[in-house]
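Residue numbers (UniProt numbering): 1 to 305.
Next comes the structure, spelled out in structure tokens:
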């Protein structure tokens with residue numbers, strides 16, 4: 001029954017994330033928002049809602065390692081697994097100038113997380129600081145859309161009531177799935193004598209990253225590198241500033257020392273690797289294979305630790 005609950009939770013998260021992204025993307029496109037901004041704000045933030053609900057539920061259920069491991073593990077998976085797989089399917093080519101500001105923000109957000117974890121917890125004040133950073137990022141992105149109308153997508157502006165139903169249905173499925181996933185993952189960890197930190201960093205993190213995976217793979221098939229990159233960059237920013245910010249405000253998080261000394265540095269190294277690859281023009285198929293190999297090695301090491 002626990003395994004069935006876990007599978008049901010993952011399924012609800014995937015379907016809920018898909019419905020939410022479809023509805024939100026449809027609405028954003030109707031407003032003629034550029035692809036990179038859609039990827040970062042609408043798709044990236046929308047596909048991160050599973051992580052948000054899982055982390056909040058985990059914190060309220062007194063499982064802080066799952067709450068924190070879910071976010072840090074998802075950020076590592078987003079870069080090494082999701083962009084790696086997308087690049088294997090179709091190389092990701094992007095102008096570094098277009099994404100440099102957002103990449104720097106991801107790196108700075110990761111460094112800020114490490115600094116805030118130095119005292120072994122994320123307090124409500126830490127959460128407020130994170131949410132303030134997120135608000136500034138959103139404000140800057142919205143100003144960028146208004147300043148560059150020539151980059152807007154030229155499509156019909158027509159409101160679709162179906163989009164509202166998709167958003168509402170997606171949110172309901174995400175809430176339901178998050179509750180099932182946290183409860184079953186916590187119980188599985190206890191039964192298998194596996195630390196909740198490892199469960200959060202691997203199973204839960206990958207499970208809640210599946211909406212991002214689906215979105216980036218589809219974007220790769222459609223030769224839309226901007227959507228793939230925007231999806232991951234926006235998701236990683238929202239994971240740290242939004243998810244951990246909201247979670248810490250609702251329920252302050254006590255952090256295991258491994259998150260500061262090991263897992264956050266790995267997430268930072270992945271962000272630096274992505275920056276280096278884009279600096280040299282993009283992610284080739286070979287680079288994508290190497291990223292996947294590194295991630296598999298990381299998972300194998302986690303299983304032995």
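Ideal placement from N, C-alpha and C gives every residue a C-beta, glycine not left out.
When DSSP states are grouped into helix, strand and coil, residue 79 belongs to the helix group.
Between the alpha carbons of residue 124 and residue 5 lies a distance of about 31 Å.
Comparing C-alpha distances from residue 202 to each of 297, 275 and 16 shows the shortest one belongs to 297. Between residue 113 and residue 237, the beta carbon gap of about 11 Å keeps them out of contact (Cβ cut-off 8 Å). Residue 196 places its beta carbon less than 7 Å from that of residue 66. For residue 93, DSSP records a beta bridge to 282. The beta carbons of residue 216 and residue 82 sit closer together than 7 Å. Non-local beta-carbon contacts of residue 241 in its own chain, meaning distances under 8 Å to residues more than five positions away in sequence, involve 109, 130, 131, 133, 134 and 137 in chain order. As the crow flies, the alpha-carbon of residue 115 is around 24 Å from that of residue 204. Per DSSP, residue 190 has no beta bridge partner at all. Burial of residue 51 is indicated by the presence of at least 16 other C-beta atoms within 10 angstroms of its C-beta.
Shortest Cα-Cα distance from residue 102 to any of 292, 262, 282 and 232 involves 232. Taking all protein chains shown into account, residue 76 has 16 or more neighbouring C-beta atoms within 10 Å of its C-beta and is therefore buried. Annotation: the continuous alpha helix (DSSP H) that includes residue 233 extends over 225–237.
Residue environment for residue 247: buried (at least 16 other C-beta atoms within 10 angstroms of its C-beta). Residue pairing for residue 121: DSSP places it in a beta bridge opposite 254.
For residue 199, the enclosing alpha helix (DSSP H) has its first and last residue at 196–199. In the structure shown, residue 1 adopts coil according to DSSP, grouped into three states. DSSP places residue 61 outside both helix and strand once states are collapsed to three, so it counts as coil. Contact annotation: residue 71 and residue 244 have beta-carbon atoms nearer than 7 Å. Buried is the label assigned to residue 211, since at least 16 other Cβ atoms lie within 10 Å of its Cβ.
In this structure residue 64 is buried. Its beta-carbon is surrounded by 16 or more other beta-carbon atoms within 10 angstroms.
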